[in-house]
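Same order as they appear, the protein sequences are chains A and B.
All the letters of the first sequence, read from the start, carry residue numbers 1072 to 1291 under the numbering used here.
All the letters of the second sequence, read from the start, carry residue numbers 1072 to 1291 under the numbering used here.
Each residue gets a CB set at the ideal place from its N, CA and C atoms; glycine is no exception.
Quick caveat, the model's predicted, so the values are computed rather than measured.
Before any comments, here is the structure.
Number of protein chains: 2
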Amino acid sequence: MDGTESGWTVVIADDHPLVRDAMRHALMQSLNDVQVVDASSLDEAKAAVDRLGAVDLVILDLNMPGMDGFTGLAAMRAAHPLVPVAMVSATNDETVMRRAIEFGAAGFIPKSAPLETIAEAIGQILDGQVWLPIPRNAPSSGTGTSRQDIASRLGELTPQQLKVLSMMSQGLLNKQIAFELGVGEATVKAHVTAILKKLGVHSRTQAVISARLLDFKTVD
Amino acid sequence: MDGTESGWTVVIADDHPLVRDAMRHALMQSLNDVQVVDASSLDEAKAAVDRLGAVDLVILDLNMPGMDGFTGLAAMRAAHPLVPVAMVSATNDETVMRRAIEFGAAGFIPKSAPLETIAEAIGQILDGQVWLPIPRNAPSSGTGTSRQDIASRLGELTPQQLKVLSMMSQGLLNKQIAFELGVGEATVKAHVTAILKKLGVHSRTQAVISARLLDFKTVD
DNA sequence: GGCCATCCCCTACTTAGGTCTAAGGCCTAT
DNA sequence: ATAGGCCTTAGACCTAAGTAGGGGATGGCC
Chain A
1072 MDGTESGWTV
1082 VIADDHPLVR
1092 DAMRHALMQS
1102 LNDVQVVDAS
1112 SLDEAKAAVD
1122 RLGAVDLVIL
1132 DLNMPGMDGF
1142 TGLAAMRAAH
1152 PLVPVAMVSA
1162 TNDETVMRRA
1172 IEFGAAGFIP
1182 KSAPLETIAE
1192 AIGQILDGQV
1202 WLPIPRNAPS
1212 SGTGTSRQDI
1222 ASRLGELTPQ
1232 QLKVLSMMSQ
1242 GLLNKQIAFE
1252 LGVGEATVKA
1262 HVTAILKKLG
1272 VHSRTQAVIS
1282 ARLLDFKTVD
Chain B
1072 MDGTESGWTV
1082 VIADDHPLVR
1092 DAMRHALMQS
1102 LNDVQVVDAS
1112 SLDEAKAAVD
1122 RLGAVDLVIL
1132 DLNMPGMDGF
1142 TGLAAMRAAH
1152 PLVPVAMVSA
1162 TNDETVMRRA
1172 IEFGAAGFIP
1182 KSAPLETIAE
1192 AIGQILDGQV
1202 WLPIPRNAPS
1212 SGTGTSRQDI
1222 ASRLGELTPQ
1232 QLKVLSMMSQ
1242 GLLNKQIAFE
1252 LGVGEATVKA
1262 HVTAILKKLG
1272 VHSRTQAVIS
1282 ARLLDFKTVD
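As structure tokens, this is what we get:
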């Protein structure tokens, strides 16, 4: 990896032929002497590395048959600890990127990145460095609202609150909910406030969006 | 696709430069005289079609800034009813594909398809046919009518109103929407009122529910 | 030109949504 | 008996949401 010795060998593992093709073009454009090997599943990728022996980089799609999230990355690392792996995915989620590094990836390349950035990233990784599209220490902020997160928050709701949330997500007004449940509007408002707090959002609309993300169905 | 009259013009709208690039290669490989125009967002795509006038095909990614699932497709169809649209996405979900056709797409191309299949699909679509990777019958049942209904109502919205609705369905407040668009909050409220009227609902929450019925996010 | 329709933007107003504080009744566990 | 959780309500208060109506710019149409 000093640049004088050229002739890189790179394995591209992605189940989308389209993406493999594009990645190959990007590689051949930025490196002058590179051999590219295709793989459309994790097993194929591992077999390719076994066969070739000296591989300089494996480009792994995060969502691919056999990957199962990061378990595929871990498997690849276990089988070939010396071969650097660059993860590729459509996500921009910082926590995902960081976790990829924790699992031994040498870099994370979002598909949304411009071609030059991708080329630069691959160059740095081939050079032995770690590449991330974000600063390495950023606070990761607070918007980590994954499904599981929401699901666990929903579990904290009391039965009555669940009913109210269900009606909210059908588009009912507080007044209508109060009538349906046979209680006062003030009560409904109290429930709504509690729901918003537990879900960690700040408006009725956001609560409804969260609920519908889980295909939250009517209780009635 | 008769080969005698050549000179196609195709707009590729995808936020991933990698995919655009690959698609361009696929196009140039299977068609001999084709002009390809890039767009990285729905707005850019619409602007490109406006500018070029005679466009033979728009290739639209389902997951892209401004798309909001099928909302973007509906908007594009409303703005340019005569231009065929080919949807592209990483999903293989049949219901999603069929729904794309219901909303006026001329075809649905899964990214996981081999390059030859993609080329063949585009050829057929340019030839005026509808292309799907699956048989056309199977009724898909369900809420087809109401979806259709919503789609046609969405088509009546002005561009600005679509933007506002999109932001509403992300849980933004009127104030935030106003800031993002660089207008006054009162303006946003006026748009919201118009949206509610056109969608036939009576509250922001109901509008968001309707909009999200057309919203299909995949992780790909 | 004048006309009409549409869209976008705005001010001023009314209503719905949401917070805060405080409090009573019900049930269950300690 | 006491404590704690849940459901309930009330009133005051503030902010967000939605309505009504008008002004200005554009573009097609007679």
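Proximity of M1138(A) to chain B, defined by a Cβ-Cβ separation below 8 angstroms, is not satisfied. For P1181(A), the enclosing beta strand (DSSP E) starts and ends at G1178 to P1181. Leaving aside the five residues that flank D1114(B) on each side, the residues in its chain whose CB is nearer than 6 angstroms to its CB run, in chain order, G1137.
Here DSSP, grouped into helix, strand and coil, assigns T1166(A) to helix. Less than 8 angstroms separates the beta-carbon of A1119(A) from that of V1082(A). If you draw a 10 Å sphere on the C-beta of E1187(B), you find fewer than 16 other C-beta atoms in it, and that means exposed. Bounds of the alpha helix (DSSP H) holding A1278(B) are R1275 to L1284. The Cβ of V1279(B) sits closer than 8 angstroms to at least one Cβ of chain A. For G1124(A), the closest of K1260(A), S1111(A), A1150(A) and E1251(A) by C-alpha to C-alpha distance is A1150(A). Taking a contact to require three or more Cβ pairs closer than 8 angstroms, the segment 1086-1101 of chain B and the segment 1086-1095 of chain A qualify as touching. Closest in alpha carbon position to I1130(B), among V1108(B), D1121(B), L1285(B) and I1248(B), is V1108(B). The C-beta of A1093(A) comes closer than 8 angstroms to at least one C-beta of chain B. Cβ contact annotation for R1170(A) (same chain, cutoff 7 angstroms, sequence separation greater than five): F1141, in chain order. Beta-bridge partners assigned by DSSP to V1081(B): V1107(B) and L1128(B). Under a criterion of Cβ atoms nearer than 7 angstroms, no residue of chain B is adjacent to L1270(A); the nearest Cβ is some 11 angstroms distant. Counting along the chain, V1120(A) sits inside no beta strand (DSSP E); it lies in the alpha helix (DSSP H) bounded by residues L1113 to L1123. Contacts with chain A at 8 angstroms (Cβ-Cβ) include S1183(B). At the C-beta level, A1278(A) and V1272(A) come within 8 angstroms of one another.
For R1275(B), the nearest beta carbon of chain A is closer than 8 angstroms to its own beta carbon. Bridge partners of M1135(B) according to DSSP: none are assigned.
If you check the CB distance, L1144(A) and G1178(A) do not come in under 8 angstroms. Residues of the same chain with a CB within less than 8 angstroms of the CB of R1275(A), apart from the 5 flanking positions on each side, are M1239, V1263 and L1267 in chain order.
Among the CB atoms of chain A, none fall inside 8 angstroms of the CB of R1224(B). With contacts defined as CB atoms closer than 8 angstroms, I1189(B) and A1110(B) fail to qualify as a contacting pair.
Note on N1103(A): under 16 other CB atoms within 10 angstroms of its CB, so exposed under the neighbour-count rule. For the pair A1249(B) and G1242(B), the CB atoms are not nearer than the 8 angstroms cut-off.
Remark: C-beta atoms of L1236(B) and L1228(B) approach each other more closely than 8 angstroms.
Under the Cβ criterion of 8 angstroms, H1262(B) is not counted among the residues facing chain A. Sorting K1269(A), A1116(A), S1183(A) and D1127(A) by C-alpha distance to the C-alpha of Q1106(A) places D1127(A) at the top. Excluding five sequence positions before and after A1161(A), the CB atoms of its chain that fall closer than 6 angstroms to its own CB belong to K1182, given in chain order.
Secondary-structure assignment with DSSP links M1239(A) through no beta bridge to anything. Think of a sphere of 8 angstroms around the beta carbon of R1283(A): the chain B residues whose beta carbon falls inside it are I1280 and R1283, in chain order. Going by DSSP, A1149(B) is part of the alpha helix (DSSP H) stretching over F1141 to A1150. Between the beta-carbon of V1159(A) and that of L1133(A) there is about 7 angstroms, and that keeps the pair under the 8 angstroms contact cut.
Contact between V1156(B) and A1184(B) does not hold, since their C-beta atoms are separated by about 17 angstroms, which reaches or exceeds 8 angstroms. Within the same chain, Cβ atoms closer than 6 angstroms to the Cβ of S1101(B) are found at A1190, the five residues on either side in sequence being excluded.
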